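A.B. asks:
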Amino acid sequence: MKKVMLVFGTRPEAIKMCPLVNELKRRSAKFKTVVCVTGQHREMLDQVLCVFGVEPDYDLKIMKPGQTLFDVTSEALLLMKDVIERELPDLVLVHGDTSTSFAAALASFYLRVPVGHVEAGLRTYNIRSPWPEEFNRQVVDIVAEYYFAPTETTRQNLLAEGKDEERIFVTGNTGIDALNTTVLPGYRDEMIDWASGSRLILITAHRRENLGEPMHQMFRAIRRVLDENLDVKAIYPIHMNPQVREAAHLELDGCDRLRIIEPLEVSVFHNYLAASCLVLTDSGGIQEEAPSLGKPVLVMRDTTERPEGVEAGTLRLVGTSEESIYSAFTELLKDERSYASMSKASNPYGDGFASMRIADILSARL
Ligand code: UD1
Ligand code: UDP
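Take -17 as the starting number for the sequence shown in the numbering used here and just add one per residue.
1) With distances taken between CB atoms, is the gap from serine 81 to leucine 51 smaller than 8 Å?
2) For valine 248 and glycine 301, I'd like the C-alpha separation in whole angstroms.
3) Whole angstroms are fine: how far does the CA of leucine 260 sit from the CA of tyrosine 321?
4) Would you identify the three-state DSSP class for isoleucine 124, choosing helix, strand or coil?
5) In chain order, which continuous runs of the beta strand (DSSP E) of length 3 or greater are located wholly inside the segment 137 to 180?
6) Starting from methionine 200, follow the alpha helix (DSSP H) in both directions and report where the run begins and ends.
7) Helix or strand or just coil, what does DSSP make of phenylalanine 335?
8) Around the Cβ of lysine 326, are there at least 16 other Cβ atoms within 10 angstroms (buried) or fewer (exposed)?
9) Could you tell me whether the Cβ atoms of threonine 15 and tyrosine 331 are closer together than 8 Å?
10) With a CB to CB cut of under 8 Å and the five nearest residues on each side skipped, what residues in its chain are close to methionine 173?
11) I'd like the list of long-range same chain contacts for proline 219, defined as Cβ closer than 6 Å, with 5 residues on each side in sequence excluded.
12) Just how far apart, CA to CA, sit glutamine 138 and serine 337?
13) State the CB to CB distance for the pair glutamate 57 and isoleucine 44, rounded to an integer number of angstroms; the pair is presumed to be in contact (CB under 8 Å).
14) Under 8 Å between the Cβ atoms of alanine 256 and leucine 275?
15) Just the Cα atoms here: how many angstroms apart are aspartate 284 and arginine 298?
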């Protein structure tokens, strides 16, 4: 029996790791599955654990208000040392590009425990964007022994860096596994009823490199477009970072066709995505989910490590300046052809069976 430890700490990691946790737990004859959450996020992590019914074996509870990258990395690194030494897993699985992933991979490397990287190989090759995630992801790929690349493009990135072909597996993204279980035809609730008869816009924003002036510009652009288009309503489930909240309330309060609400349970969020007409975001995961549902996304960033959705036509990078977001958003609302060209459903990020593939690979390889 092989012991596999999965480590994660933030909302998006949890959304993409819980399907894998549950898949490995279903194979209990083969694997002893240990779940360690750092608690880099608290409420937003717990929401996801609850939806997927995952109870962690370890919760390092590191989150504190206003935490810096130093806080998260150093706390997670030291506490992970104790957990790994105690459990001595055959493999540690980390996900993506967060500080939790970086610290857990580094702790495993220091203790000579093999690392598997779920969602490996995504790149912008701009170490400052996304910041610090591009660095985190590249470092995890330096120490990893197994690469679960979601797409062929990400496999090619790893090959170009000289990673061993035998250790790279194209699996699809486990985030799509989650999406396939949550969207219900005809879903309705109070918010959907509020928006019915209007075009619904879904908004999220949280990136560290956008905090401050870029985020103010993003919100100002959104405000202008909403003020000018009376048939549009927007829902903005806001990240819990107080800096995000302050900027959003300053720029967006007072518009009765925009509702700022608490973070949504992932299943509800996916249904709002399905009901929306378009999405404005700087999120990574939403760039993967929206193409599956054929929802155009204006990506409020200068770079993306997810070019597949841009190539498929669903994602458009619009930067973070007020003018560029305002004009792209306005165009999409007014120009039907432009909207139609972006709203075709495609599946560049996976078919919903990524967790099964990863578990199969681990069965064969460990
Ligand atoms: C982190 C990840 C980012 C990921 C994002 C997902 C890093 C460096 N960044 O960024 O890659 O896209 O999560 O959302 O790892 N907070 C709460 N409760 C919560 C969650 C957050 O109060 O449940 C507040 C806290 O004040 C916390 C702040 O948000 O200090 C920022 O959280 P943090 O994890 O440091 O950064 P994120 O921007 O969320
Ligand atoms: N999400 C959610 N509730 C919300 C907003 C987003 O469950 O209120 C989900 C969304 O479906 C996606 C993930 O959270 O799967 C994206 O997380 P986030 O934007 O925080 O991080 P990123 O993907 O940018 O790392």
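In this text, a Cβ means the ideal position worked out from N, Cα and C, and glycines have one as well. Remember, predicted model here, so these are calculated numbers, not experimental data.
C.D. replies: Working from what's here:
1) Serine 81 is a Cβ neighbour of leucine 51, given a cutoff of 8 Å.
2) Straight-line Cα distance between these residues: approximately 26 Å.
3) Inter-residue distance for tyrosine 321 and leucine 260 is about 9 Å (C-alpha atoms, whole angstroms).
4) In the three-state reduction of the DSSP assignment, isoleucine 124 falls in the helix class, which pools H, G and I.
5) Whole beta strand (DSSP E) segments, 3+ residues: 150 to 152.
6) DSSP places methionine 200 inside the alpha helix (DSSP H), whose first and last residues are 195 to 210.
7) Phenylalanine 335 falls in the coil class under three-state DSSP.
8) Under the 10 Å beta carbon count, lysine 326 is surrounded by fewer than 16 other beta carbons and is classified as exposed.
9) Judged by beta-carbon spacing, tyrosine 331 lies beyond the 8 Å limit of threonine 15, meaning their Cβ atoms are not closer than that value.
10) So the list reads Ile217, Arg241, Ile243 and Tyr254, once near-sequence residues are dropped.
11) Closer than 6 Å at the Cβ level, and outside the excluded window around proline 219, lie Ile243, Pro245 and Leu246.
12) Approximately 21 Å between the Cα atoms of the pair.
13) That belief holds up - the Cβ atoms of glutamate 57 and isoleucine 44 are roughly 4 Å apart, short of 8 Å.
14) Yes, these two residues count as a Cβ contact at 8 Å.
15) Whole-angstrom Cα-Cα distance: 10 Å.
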